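Trainee: The structure's right below; bear with me while I get my questions together.
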Amino acid sequence: YGFINTCLKSLVVEKYGEETWEKLRLQAGVQDSFLTFEVYKDEITMQLVDKACKVLGVPADLVLREFGKYFFEFCKRSGYDHMLRTLGGNLYEFIENLDALHSYLSLSYQEMNAPSFRVEKNEDGSMHLHYYSDRRGLCHIVPGIIGAAALDFFNIEISMKIVNQTEEEERTGKKEHIVFLVTQNPLFPCKERNEFSSSSQCPVDSEKQIENLLNKEDLEKAKNANGNRGNSVCPVKKSHWKTLRGIITLGKGKLLRGFDPVYPKSLWIDTKTFCNGLPFHMVFDKELKVKQAGVSIQKIVPGIQTMGICLDQYFRIVHPEVPFTISSIQKFINSQFVFQTRREMMPESWKERPMLELRGQMMWMESLQCMLYLCSPLLRTLHELEERQMHIADIAPHDVTRDLILLNQQRLAEMELSNQLERKKEELRILSKHLEEEKKKTEALLYAMLPQHVANQLKEGKRVEAGEFKECTILFSDVVAFTNICAQCEPIQIVLMLNSMYLRFDRLTTVHDVYKVETIGDAYMVVGGVPVPVPTHAERVANFALGMIMAAKGVQNPVSGNPIQIRVGIHTGPVLAGVVGEKMPRYCLFGDTVNIASRMESHGVPSKIHLSSSAYQCLKYKNFEITERGEIEVKGKGKMHTYFLIRNKSATENEIMGRP
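Throughout the sequence shown, residue numbering follows the UniProt record's numbering, covering 1 to 660 in sequence.
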């Protein structure tokens, strides 16, 4: 389920950061988020674990162990804390009831394929934990989970090592079977709950210590009560210690060391009442021959009424996946057993219905050499009850299966609602992500048309005030003989030529950090020092101009087939800059500086960079090679002293062009 993958993502993000998760998931080729109640392929989880090992440089067993520890905490944070905490009073009981927990969770997570656990106590206080799973290679998660649970719930530190690893033959189907040896190290004194088994207690040095815990009055009353009630309640034992334990049990003292159940000499219930009161139960012997069955099972499976019939003819074991033999059942007697009816042995009326499943516990009766199976119908919802044409009345009033069906019906509805909300949340997340991407595209387009700070002011609905810049450098360029080229070419050829040229020029504006003001036909205008004032505006524009001359050589004239030629003019001076218009607003420059820069371009020479005297003054000490042109007549300005920019003495062609 997505719950597992979400946990793995949470672990990586929390411990290693969002970037590591992004790198890991891209390498694994999986999505960014997972729905809790959605079923995903095992390969996704395996890929994530595999890539985590490579990305983090950690062995698989350590990754899985760390995941196990985190998974335990993740489950607690996800609302399963109380459920886990109440599984057992000690670690042995906790592990013993894990299968029952999985069985309960499968009511909600119906596709869940959980591992199975079996635990055995050893004489030295250690345990053997048997782990069965359809999935190979995940066994190292178990020490992480069990270790975290032992520390959190029972205040003990445990060590777990693999003592056996086989392909299980006891269970039908191929199952990985790992046997762990579990040993413990107490963290606290024995007054804390620190043993695997609740029967293990703190040692008591002597009987005198126990007597001291009771006051004399309590002890006397306890002795009198023991004498008056006779042996049937607390029989006199040969051991003085056990006698004393009985006194303490019956007295008012606070120390209760043991409990001895009392059984009647004969069973005070008749057979008919037993079979009606427990309508879902069966008793069978070592040969699997049915000796007794509850009335509801007889009603659903009439063949069972033939006493002595073999149970495996009518039922098969679904869980645990073991052969239907008394020895296999005894081996897994602490597990919950799920039986399913065999379709071919059911009455005709049942042939079209889903098969009935029973879930319950096995109890071996040594004196009778028979097995008692106390069970209930395994039904998750009212719909499943209806499918089998059964009713709530078919289940005994004392059987909590009644409540479980009704509660689970409500829980499944809540889960479906939760699932829908989760899907909507995921859809909104994806839409938000796409919206963010589109927003970035829109902003990129807007920033290409207007300076960023100006665009941001316009987005916020603010009025953009015109700004005065005391010194900036403006460049104009145009294509030599552009009118003649247009007259001899198809329009598409002109468009392709200009596009090829402007793409090169646009890249250079980024390289030299100058602002592209506009293009009109073949004219290209840039400025340095606007909208952000910088002291190096003249050098930036000069280097850009040198790059333009080089770049133009790579653009072909569609008429002659030769590289095109451009004229470039540069002037430095003050300008006024601001946004004009509301529809398709433009950031424009105003002032005589613009006119002079345009005149430098129109009075320039092909493949040359024409400088005004003010531009020359800014560049003459900046390591540029410049030659004097002299005085020329400039339209509207009279005589002007101008110059040609030849090259940058300190920069290579690759640096000018922004190439590596």
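Ideal placement from N, C-alpha and C gives every residue a C-beta, glycine not left out. All figures in this text were calculated on a predicted structure; none of them were measured in a lab.
By the 10 Å Cβ neighbour count, where 16 or more other Cβ atoms means buried, how is residue 177 classified, buried or exposed?
Mentor: Under this definition residue 177 is a buried residue.
Trainee: Between the region 272 to 282 and the region 371 to 386, can you find at least three pairs of beta-carbon atoms closer than 8 Å?
Mentor: With a cut-off of 8 Å, the region 272 to 282 and the region 371 to 386 count as touching, because enough Cβ pairs lie within range.
Trainee: Using 8 Å as the threshold, is the C-beta distance between residue 548 and residue 612 below it?
Mentor: No, these two residues do not count as a Cβ contact at 8 Å.
Trainee: Ignoring anything shorter than 4 residues or poking outside the region 446 to 473, list the alpha helix (DSSP H) runs there in chain order.
Mentor: Correct list: 452 to 459.
Trainee: Just to confirm my understanding: we take residue 231, look at its own chain, exclude 5 residues before and 5 after, and list those with CB closer than 8 Å. What are they?
Mentor: With a pLDDT of 40 at residue 231, under the threshold of 50, the modelled position of that residue is not reliable, and the figure given next carries that caveat. Excluding sequence neighbours, residue 231 sits near nothing in its chain.
Trainee: Spatial neighbours of residue 73 within its chain, please: CB distance less than 8 Å, with the 5 preceding and 5 following residues excluded, ordered by chain position.
Mentor: Only 148 meet the Cβ criterion.
Trainee: How is residue 22 classed by DSSP in three states: helix, strand or coil?
Mentor: Three-state result, residue 22: helix.
Trainee: Applying the 10 Å Cβ sphere with the 16-neighbour rule, what's the burial state of residue 581?
Mentor: It counts as exposed.
Trainee: Assuming the contact rule is C-beta atoms closer than 8 Å, residue 345 and residue 389 should be a hit. Round their C-beta distance to whole Å, please.
Mentor: Not really, about 18 Å apart at Cβ, beyond 8 Å.
Trainee: Decide if residue 405 is buried, meaning its Cβ has at least 16 other Cβ atoms within 10 Å, or exposed.
Mentor: Counting Cβ neighbours within 10 Å, residue 405 comes out buried, since at least 16 surround it.
Trainee: Quick one: which unbroken alpha helix (DSSP H) runs of 4-plus residues sit fully inside the region 331 to 400? Chain order, please.
Mentor: Correct list: 382 to 387.
Trainee: Return the chain-ordered list of same chain residues with a C-beta closer than 6 Å to the C-beta of residue 419, the five sequence neighbours on each side being excluded.
Mentor: Result list for residue 419: 37, in chain order.
Trainee: Hey, out of 399, 554, 602, whose CA is closest to residue 563's CA?
Mentor: It is 554 whose Cα lies nearest to the Cα of residue 563.
Trainee: Leaving out five residues before and five after residue 47 in sequence, what residues of the same chain have Cβ atoms less than 6 Å from its Cβ?
Mentor: If we look at residue 47 and ignore the five residues flanking it on each side, its Cβ neighbours are 28.
Trainee: Could you tell me which whole alpha helix (DSSP H) segments of length 4 or greater appear in the region 90 to 132?
Mentor: Qualifying alpha helix (DSSP H) stretches, in chain order: 91 to 96, 98 to 105.
Trainee: Tell me the rounded alpha-carbon separation between residue 25 and residue 32.
Mentor: Answer to the nearest angstrom: the Cα atoms are 7 Å apart.
Trainee: Measure the alpha-carbon distance for residue 82 versus residue 76 and round it to whole angstroms.
Mentor: For residue 82 and residue 76, the distance between alpha carbons rounds to 8 Å.
Trainee: I'd like to confirm the pairing. Which residues does DSSP put opposite residue 641 in its beta bridges?
Mentor: Note: residue 641 sits in a beta bridge opposite 631.
Trainee: Helix, strand or coil for residue 206? Go by DSSP, reduced to three states.
Mentor: Reliability fails at residue 206, whose pLDDT of 40 lies under 50, so the model's placement of it is uncertain and no value is given.
Trainee: For residue 7 versus residue 109, is the C-beta spacing smaller than 8 Å?
Mentor: No, the Cβ-Cβ distance between residue 7 and residue 109 is not below 8 Å.
Trainee: Applying the criterion that 16 or more other CB atoms from any shown protein chain within 10 Å of the CB defines a buried residue, is residue 39 buried or exposed?
Mentor: Exposed, by the Cβ-count rule.
Trainee: Using the beta-carbon count (16 or more within 10 Å), is residue 621 buried or exposed?
Mentor: Residue 621 comes out exposed.
Trainee: In chain order, what residues of the same chain lie with their CB nearer than 7 Å to the CB of residue 655, ignoring the 5 residues before and after it?
Mentor: Excluding sequence neighbours, residue 655 sits near nothing in its chain.
Trainee: What do you get for residue 18, buried or exposed, if any count of 16 or more other CB atoms within 10 angstroms of its CB means buried?
Mentor: Per the 10 Å Cβ criterion, exposed.
Trainee: Distance check for residue 572 and residue 617, CA to CA, integer angstroms please.
Mentor: Each residue's Cα considered, the two are about 9 Å apart.
Trainee: By alpha-carbon positions, which one of 475, 356, 366, 427 ends up nearest to residue 519?
Mentor: Measuring from the Cα of residue 519, the nearest candidate turns out to be 475.
Trainee: Within the chosen definition, does the region 596 to 610 reach the region 641 to 649 through at least 3 CB pairs nearer than 8 Å?
Mentor: At 8 Å Cβ cutoff, the stretches touch.
Trainee: Using a Cβ-Cβ cut-off of 8 Å (strictly less than) and excluding sequence neighbours within five positions of residue 636, which residues of its own chain qualify?
Mentor: 595, 599.
Trainee: Given residue 292, which residues of its chain have a CB within under 6 Å of its CB, disregarding the five upstream and five downstream residues?
Mentor: Same-chain partners within the cutoff: 283.
Trainee: Have a look at residue 320 and residue 286 and give me their C-alpha separation to the nearest angstrom.
Mentor: Near 19 Å, if we compare the C-alpha coordinates of residue 286 and residue 320.
Trainee: With H, G and I counted as helix, E and B as strand and the rest as coil, what does DSSP make of residue 537?
Mentor: Looking at residue 537 - three-state DSSP - the assignment turns out to be helix.
Trainee: Helix, strand or coil, according to DSSP, for residue 56 in the structure here?
Mentor: Correct three-state label for residue 56: helix.
Trainee: Any heavy atom of the ligand FAD closer than 7 Å to the Cβ of residue 143?
Mentor: Absence of the ligand FAD from the depicted structure is noted, as is the absence of any ligand whatsoever, leaving it without description.
Trainee: According to DSSP, simplified to helix, strand and coil, what is residue 564?
Mentor: Coil.
Trainee: Taking just the CA atoms, how far does residue 116 sit from residue 80?
Mentor: Distance between the alpha carbons of residue 80 and residue 116: 19 Å.
Trainee: Taking Cβ positions, are residue 532 and residue 509 nearer each other than 8 Å?
Mentor: Cβ atoms of residue 532 and residue 509: not closer than 8 Å.
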